[in-house]
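Just below is one structure, and these are the notes that go with it.
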Amino acid sequence: MPLIKFIIIIATLATPIVAEGIIEFNKDIRPIFSDHCFSCHGPDKRARKADLRLDTYEGAIRDLGGYSAIVPGDPDKSE
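The sequence shown lines up with residues 1 to 79 when you count with full-length UniProt numbering.
And the structure:
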């Protein structure tokens, strides 16, 4: 999942640039996932692949059997 890792790296690097200094899933990350990931990892259960749901924060960070697709603040541990 190189796109997810790229997004996490960008989000991590962008942290100092964000006016509030805080990256919010719904405001900053979800729109990117919506454009690039929801067709396979969104709210439609029938279309969802790899049992990975990226349209909610909880789905994006949940344990997937010993690993998480996204580890907040740690792009190296994110898949």
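C-beta: ideal position from N, C-alpha, C; glycine also.
All of these numbers come straight from a predicted model, not from anything done at the bench.
Rounded distance between the beta-carbons of residue j and residue i, thought under 8 Å
i	j	result
L64	H36	Contact doesn't hold; Cβ gap of about 19 Å is too wide.
Pair within 8 Å by beta-carbon distance, residue i and residue j
i	j	result
F38	L54	yes
Y67	E79	yes
P75	K5	yes
Residue i burial status per 10 Å Cβ neighbour count (16 or more: buried)
i	result
A47	exposed
A69	buried
A60	buried
Rounded C-alpha distance that separates residue i from residue j
i	j	result
E24	R30	9 Å
K77	V71	6 Å
Limits of the alpha helix (DSSP H) - the one that residue i falls within
i	result
F25	Element bounds for F25: n/a, residue is neither H nor E.
G59	Y57 to I61
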